[in-house]
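J.: Top to bottom, those sequences are chains Y and E. Its first residue numbered 1279, the first sequence is counted upward by one per residue in my numbering. Its first residue numbered 1279, the second sequence is counted upward by one per residue in my numbering. Note that the Cβ used here is the ideal one computed from N, Cα and C, for glycine as well. Source: prediction; values computed, not measured.
2 protein chains.
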Amino acid sequence: MEKREFKHEVYGGIGQLTKALANPHRLEIIDLLAQGEKMVEAIATEIDVSIANASQHLQVLKQARLVTIRKQGHYMFYTLANADVFAVWQALRGLSISQLPDVEKVIRDYRTGQGALKGISLNVLIGKLERDEVILLDVRPAEEYRMGHIPNALSVPPGEWGQKLEGLPTGEEVIAYCRGPFCVFADEAVAYLKSKGYRAARLDEGFPDWKIRGLPVICG
Amino acid sequence: MEKREFKHEVYGGIGQLTKALANPHRLEIIDLLAQGEKMVEAIATEIDVSIANASQHLQVLKQARLVTIRKQGHYMFYTLANADVFAVWQALRGLSISQLPDVEKVIRDYRTGQGALKGISLNVLIGKLERDEVILLDVRPAEEYRMGHIPNALSVPPGEWGQKLEGLPTGEEVIAYCRGPFCVFADEAVAYLKSKGYRAARLDEGFPDWKIRGLPVICG
DNA sequence: CAATTATTCAATTAAACTATTGAATAATTG
DNA sequence: CAATTATTCAATAGTTTAATTGAATAATTG
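1. Would I1329 of chain Y and E1319 of chain Y be called neighbours here (beta carbons separated by less than 8 Å)?
2. Below 7 Å on C-beta distance, what does N1301 of chain Y contact in chain E?
3. Which of the residues in the segment 1460-1471 of chain Y, read from start to end, lie with their CB under 8 Å from any CB of chain E?
4. How far does the beta strand (DSSP E) with F1355 of chain Y in it extend, from its first residue to its last?
5. For A1454 of chain Y and S1433 of chain Y, which I take to be in contact (beta-carbon distance under 8 Å), what is that distance rounded to the nearest angstrom?
6. May I ask you to verify whether the segment 1290-1301 of chain E touches the segment 1297-1310 of chain Y, counting CB pairs closer than 8 Å and requiring at least 3?
7. Would you call P1459 of chain E buried or exposed, if buried means 16 or more other Cβ atoms sit within 10 Å of its Cβ?
8. Cutting at 8 Å between CB atoms, please list the residues of its own chain near R1477 of chain Y, excluding the five before and the five after it.
9. Determine whether the Cβ of A1365 of chain E lies closer than 8 Å to any Cβ atom of chain Y.
10. By DSSP, does R1491 of chain Y sit in helix, in strand, or in coil?
11. Counting only the same chain and skipping the five closest in sequence on each side, list residues whose C-beta sits under 6 Å from that of K1489 of chain E.
12. Work out the CA separation of Q1368 of chain Y and S1376 of chain Y for me, nearest whole Å.
13. Taking buried to mean at least 16 other C-beta atoms within 10 Å of its own C-beta, is L1493 of chain E buried or exposed?
14. Tell me, please, which residues DSSP counts as bridged to L1432 of chain Y.
15. Report the residues of the segment 1325-1352 of chain E with a CB closer than 9 Å to any CB of chain Y, ordered along the chain.
16. Give me the Cα-Cα distance between A1332 of chain E and I1325 of chain E, rounded to the nearest whole angstrom.
17. Please report whether the beta-carbon of E1296 of chain E lies at a distance below 8 Å from any beta-carbon of chain Y.
18. Span of the beta strand (DSSP E) holding Y1455 of chain Y?
19. Pull out every residue of the segment 1431-1451 of chain Y whose Cβ sits closer than 8 Å to any Cβ of chain E, in chain order.
20. Would you grab the beta carbon distance between L1414 of chain Y and I1404 of chain Y for me? Rounded to a whole angstrom, and I think it's under 8 Å.
21. For A1454 of chain E, which residues in chain Y fall below 8 Å Cβ to Cβ?
22. Should T1357 of chain Y and L1311 of chain Y be called a contact, given that it needs their Cβ atoms to be closer than 8 Å?
23. Cβ of A1359 of chain Y less than 8 Å from any chain E Cβ?
24. Going by beta-carbon coordinates alone, are P1447 of chain E and V1417 of chain E separated by less than 8 Å?
Structure below.
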């Protein structure tokens, strides 16, 4: 094999893979599937496109081997193909925050608009959990909590804050985590908690970031 | 700002960034610029396209803030904008090796075709260097060596193996490194060294992987 | 077995991307 | 200042991508 032919194969292959990622909806799908498997309709609803369109995007991701399918009845459950897919998304996310002023600004504006301000990092959370200093809330939908969450996290799904937060000790610091830095459940939860007099902050990263570090995860 | 508008900004921004990466030539440029700054003509020659075409691809990368320019006379030196850009490339590279059978196969075939076989990892190299067990060769072009290399590495640029390898002690193991896993300089060097009776292997990763880990680097 | 439902396929149109070509800038040299 | 050189710009044509629509599969339910 010639040297140029070799390069053509290699960079061409990675180019195709990158093209499959290079679409806002598909990136949002990747971000969503990092939480665990989802079926087509749920994905379409979540990312706000027609089912046919979501299906087409999923075909593109499938063809690029970025997602895999589990079939059950006539439901198709899509998941990320492996941890490396999330690692790429994580790197892209990081690059966008460091290099795209707009993205960084939009996030900051949105958070301050919600009264949420600065979050804490995964490393800081780990320290606080070791010293047993915080109450940890998983504010993602119940189904995502069920499929995997951080040990000792309480499930407080969106829309159920009223009931679930009864009897939470007011003295202690509360930290809410959700899907990731672009997920707004945690911002909304923190805003609500603050309005109730709690000392609250969000985790900058999300559950998948915890998981990919090899930290312990509770399922079910 | 509405939730959907927020998502539109964020995923849209990352989509544009990813689109700028999603081209074989541009990925090859990223891989090349990870070695250090280069001017347009050198890039065009290296990736085997016309100068006008290379310039256009560089404009795309520049607009996406993936590269920056240093102007000197009428030479334009392009470099990666920051370490996060390399981190994305590194993640994509890793994903392609784990998920694309073709890419993995092409690399394996090419290496065994060169008689080079399996390389060693950066972690293993670090151990061997600590125990002073190996002779380390930087087999990239002299200019890239000059702009930054691993401490104690000898510069043995392509085409100068005959002269440079005189007087190398034959008993010790020799490890050659180059630009990265898709760079074939190291494979060719290892094949040559083996033909001369040396015990030789290549480093799987490249110099930028060493550098991004924060390990010491010699410039000049 | 017919009706329902989740998902995919096919066809269309509008938009974006790619490589090529030759001309235009702008810094340097004689 | 004219000639040279490195790089960029502009226009073009061919290809690929995206969203929409409605029809086609294929599993499930009554």
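T.: A quick look at the data gives this:
1. Against a cut-off of 8 Å, the Cβ pair of E1319 of chain Y and I1329 of chain Y comes out as a contact.
2. Contacts between N1301 of chain Y and chain E, judged by CB atoms closer than 7 Å, involve G1293 in chain order.
3. F1460 and V1462
4. Y1353 to L1358
5. So it is not a contact: roughly 11 Å between Cβ atoms.
6. Contact between the segment 1290-1301 of chain E and the segment 1297-1310 of chain Y is present, because at least three Cβ pairs lie under 8 Å.
7. buried
8. E1450, E1451 and V1452
9. yes
10. The three-state reading of DSSP puts R1491 of chain Y in coil, since its state is none of H, G, I, E or B.
11. Within its own chain, the residues whose Cβ lies closer than 6 Å to the Cβ of K1489 of chain E, once the five positions on either side in sequence are excluded, are V1495, listed in chain order.
12. Looking at the two C-alpha atoms, the distance is approximately 12 Å.
13. L1493 of chain E is classed as exposed because its beta carbon has fewer than 16 other beta carbons within 10 Å across all chains shown.
14. According to DSSP, L1432 of chain Y bridges with Y:L1415.
15. I1325, D1326, A1342, R1343 and L1344
16. 8 Å
17. Rather than Glu, the amino acid found at residue 1296 of chain E in this sequence is Thr. For T1296 of chain E, the nearest beta carbon of chain Y is closer than 8 Å to its own beta carbon.
18. Its beta strand (DSSP E) spans residues E1451 to C1456.
19. Answer in chain order: no residues at all.
20. Contact doesn't hold; Cβ gap of about 11 Å is too wide.
21. Residues of chain Y passing the Cβ test: none, with the nearest at roughly 17 Å.
22. yes
23. For A1359 of chain Y, the answer is yes, since a Cβ of chain E falls inside 8 Å of its Cβ.
24. no
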